[in-house]
Amino acid sequence: MSPNSAGTAADDRMERGLETIRRIERAERPGVLDGFSDVAPGFGEIIVGYAFGDICSRPGLETPTRQLVTVAALTTLGNAAPQLSFHVRGARNVGCTRQEIVETVMHLCPYAGLPATVEALKVVTAVFEAEPRPAGDEPTGPAATDDRYERGLHLLKALDGLTTQSAGSQGPVTDLARCLIEFALGGISGDGGLDARTREIVSIAACTALGTPSRLPLERHLRALLAAGGTEQEAIETVLQMAVYAGVPTAVNGLNAVRDVYRTAAGQPA
Numbered sequence: 001m002s003p004n005s006a007g008t009a010a011d012d013r014m015e016r017g018l019e020t021i022r023r024i025e026r027a028e029r030p031g032v033l034d035g036f037s038d039v040a041p042g043f044g045e046i047i048v049g050y051a052f053g054d055i056c057s058r059p060g061l062e063t064p065t066r067q068l069v070t071v072a073a074l075t076t077l078g079n080a081a082p083q084l085s086f087h088v089r090g091a092r093n094v095g096c097t098r099q100e101i102v103e104t105v106m107h108l109c110p111y112a113g114l115p116a117t118v119e120a121l122k123v124v125t126a127v128f129e130a131e132p133r134p135a136g137d138e139p140t141g142p143a144a145t146d147d148r149y150e151r152g153l154h155l156l157k158a159l160d161g162l163t164t165q166s167a168g169s170q171g172p173v174t175d176l177a178r179c180l181i182e183f184a185l186g187g188i189s190g191d192g193g194l195d196a197r198t199r200e201i202v203s204i205a206a207c208t209a210l211g212t213p214s215r216l217p218l219e220r221h222l223r224a225l226l227a228a229g230g231t232e233q234e235a236i237e238t239v240l241q242m243a244v245y246a247g248v249p250t251a252v253n254g255l256n257a258v259r260d261v262y263r264t265a266a267g268q269p270a
């Protein structure tokens, strides 16, 4: 590649990144370009060019869903409240509803844990309080608690193809299994706000961000995404985006899972 070609590629990357982050931030000059000029000159350009030019502007996943994916990753990691606030605002700027954002965070409670979920909801609340409340954007309340187990069991069967008999086991594990079905699936994942496809996409983001220990849940959600009408490309784009927010190794591990699951689904050797 000639020096001129390299320069043109870098310019194109920056232009794509600027176009994407301007949509998210609604600012002509994104703040990240000047935020590190005193300690790390040029780092803002790297963020714009790499995160937003190379990754977040790729086709295959629409911008609102990408913002929910980022919210999912930052909620799960629980270590970047300022960036979570930025992307919650960005999600609103590109058309995500309040309920979609809240449901994304709530849905991840079984993966991220209660403390991370609580802290993420604090960030979300602060963002919402700073904006006027538009008509028709009211959240819906949860379903009645007495049907959580049945709703959770229905979702579990859809996710894993389990029967009622295999959902639990004998002894004390039965109580734990019932608690998980009611809380993680019936009490949270069964509520409205996100369609089945988007729930699987944000679950894939969370499991990828958590790394190798979440390989089996990641594989289940990859299969469930196809069952919910999603595509392999959407899974790939979700996992690739984790290279920005959770690190390249997590994305590599996630892509290995995508390859293995979808090759198996296609009848090819993993």
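Here full-length UniProt numbering is used: position 19 in the sequence shown is 19, and no number is missing along the way. The beta-carbon is built from N, C-alpha and C at its ideal position, and this holds for glycine as well. Bear in mind the structure is a predicted one, so any value in this text is a computation, not a measurement.
What first and last residue would you give for the alpha helix (DSSP H) that runs through residue i?
{"i": "Y50", "result": "Per DSSP, Y50 belongs to no alpha helix (DSSP H) and is neither H nor E."}
{"i": "N253", "result": "248-265"}
{"i": "N93", "result": "81-93"}
{"i": "E237", "result": "232-245"}
{"i": "T208", "result": "196-210"}
Leaving aside the five residues before and after residue i along the sequence, list all residues of the same chain whose C-beta is less than 8 angstroms from its C-beta, in chain order.
{"i": "E232", "result": "L226, V258, Y262"}
{"i": "R26", "result": "N93"}
Going by other Cβ atoms of all chains shown within 10 Å of its Cβ, with 16 needed for buried, is residue i buried or exposed?
{"i": "N79", "result": "exposed"}
{"i": "L210", "result": "buried"}
{"i": "G29", "result": "This sequence places Arg at residue 29; Gly is not what is there. The residue in question, R29, is exposed, as its Cβ has fewer than 16 Cβ neighbours within 10 Å."}
{"i": "R66", "result": "buried"}
{"i": "N253", "result": "buried"}
{"i": "residue 277", "result": "Any answer about residue 277 is impossible in this case: the structure gives the chain only from 1 up to 270."}
{"i": "T70", "result": "buried"}
{"i": "T104", "result": "buried"}
{"i": "G186", "result": "Note that G186 scores a pLDDT of 49, beneath 50, so its modelled location is shaky; the value from the coordinates is reported in the next line. Looking at its Cβ environment, which holds 16 or more other Cβ atoms inside 10 Å, G186 is buried."}
{"i": "V39", "result": "exposed"}
{"i": "P110", "result": "buried"}
{"i": "G250", "result": "First, the amino acid is wrong: residue 250 is Thr here, not Gly. So T250 counts as buried."}
{"i": "S57", "result": "buried"}
Compare the C-alpha of residue i against each of the options and name the closest.
{"i": "V202", "options": "A40, E100, G53", "result": "E100"}
{"i": "A9", "options": "Y50, K122, A235", "result": "Y50"}
{"i": "L68", "options": "R58, A126, G53, L84", "result": "L84"}
{"i": "V239", "options": "Y111, A224, C207, R223", "result": "C207"}
{"i": "F87", "options": "S214, E45, V127", "result": "Going by the sequence as given, residue 87 is His instead of Phe. That would be V127, whose Cα lies nearest to the Cα of H87."}
{"i": "L18", "options": "A120, F52, R98", "result": "F52"}
Go through its chain and collect everything with a Cβ distance to residue i's Cβ below 6 angstroms, but skip five positions before and after it.
{"i": "R197", "result": "A228, G229, G230"}
{"i": "E219", "result": "A257, V261"}
{"i": "A143", "result": "At A143 the pLDDT is 47, less than 50, meaning the model places this residue with poor confidence; the figure from the coordinates comes in the next sentence. Here the set comprises nothing."}
{"i": "I47", "result": "V32"}
Just checking residue i against the ligand COA - is the residue's beta carbon closer than 7 angstroms to any of the ligand's heavy atoms?
{"i": "V39", "result": "The ligand COA is absent from the structure shown, which contains no ligands of any kind."}
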